[in-house]
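Okay, structure first, notes after.
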Amino acid sequence: MLLHHARTPARIDGAGIVALDAQDRGRWDRTRIDEGLAILDAAFARRAPGPYQVQAAIVALHARAPSFEATDWPQIARLYGVLGAMAPSPVVELNRAVAIAMADGPASGLALLRPLLGDAALAGYAPLHAAHADLLRRNGDARGAADAYRRAAAASGTSAQREALLRRAAACDDSNLNP
Numbered sequence: 001m002l003l004h005h006a007r008t009p010a011r012i013d014g015a016g017i018v019a020l021d022a023q024d025r026g027r028w029d030r031t032r033i034d035e036g037l038a039i040l041d042a043a044f045a046r047r048a049p050g051p052y053q054v055q056a057a058i059v060a061l062h063a064r065a066p067s068f069e070a071t072d073w074p075q076i077a078r079l080y081g082v083l084g085a086m087a088p089s090p091v092v093e094l095n096r097a098v099a100i101a102m103a104d105g106p107a108s109g110l111a112l113l114r115p116l117l118g119d120a121a122l123a124g125y126a127p128l129h130a131a132h133a134d135l136l137r138r139n140g141d142a143r144g145a146a147d148a149y150r151r152a153a154a155a156s157g158t159s160a161q162r163e164a165l166l167r168r169a170a171a172c173d174d175s176n177l178n179p
């Protein structure tokens, strides 16, 4: 949790929620990151990693990356594969699809994500629709992305998240009008 909480200062600004790729990593709490990494190293020294250690290793890869672009997405995708073998869930598969998209391109991620759209357990899960929207946008489908962002906003549990998603939908609508 320390590694997650270390990013808190950069997650919100005057305009609302800040996506991971736009966060100012200089605002991340290095003390918490260092403490979290030390705890993770001690846990892995026991040589019996479980799902929580694998999840922490994924977050550690984000924390160690000097920029979003420098994130080790192939390793994150591999770790989600390990996590999926240990603790299978549609959310783990969603996260793996996103990591693969970041490593190999949005079309690769969309191929893995699309079957999840039919999973009843995820029907009202805002992150699924937000990830779908982002991958569609990155793949050049502004209209589809705008619709998916609106589905994510409708499923969102917070007004800040809903507003951020609706801003993204509007940006996609604007880009669709002005190709």
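Sequence positions in the sequence shown follow UniProt numbering and run 1 to 179.
The C-beta atom is built at its ideal place from N, Cα and C for all residues, glycine as well.
As the structure is a computational prediction, the values presented were derived from the model and not from experiment.
Here the alpha carbon of residue 99 sits roughly 6 Å from the alpha carbon of residue 76. In the displayed model, residue 109 falls within a helix according to three-state DSSP. DSSP places residue 81 in the helix class (H, G or I) of the three-state scheme. Per the coordinates, the alpha-carbon of residue 81 lies some 8 Å from the alpha-carbon of residue 93. DSSP places residue 35 inside the alpha helix (DSSP H), whose first and last residues are 30-45. The Cβ atoms of residue 79 and residue 57 sit closer than 8 Å to each other. For residue 144, the uninterrupted alpha helix (DSSP H) run begins and ends at 142-155, by DSSP. The C-beta of residue 160 has fewer than 16 other C-beta atoms within 10 Å across all chains shown, which makes the residue exposed. Contact annotation, residue 126 with residue 155: C-beta distance approximately 4 Å; criterion of less than 8 Å satisfied. Contact annotation: residue 6 and residue 18 have beta-carbon atoms that are not nearer than 8 Å.
The straight-line gap separating the alpha-carbon atoms of residue 123 and residue 117 is approximately 7 Å. Judged by their CB atoms, residue 68 and residue 24 are not nearer to each other than the 8 Å cut-off. The bridge partners DSSP lists for residue 13 are 16. Distance from the CA of residue 45 to the CA of residue 165, rounded to the nearest whole angstrom, comes to 41 Å. The shortest CA-to-CA distance from residue 14 to any of 4, 163 and 175 is the one to 163. Taking the Cβ atoms as the reference, residue 33 lies roughly 6 Å from residue 3, within the contact range of under 8 Å. Remark: C-beta atoms of residue 65 and residue 72 approach each other more closely than 8 Å. Judged by DSSP secondary structure, residue 93 falls within the alpha helix (DSSP H) whose first and last residues are 90-104.
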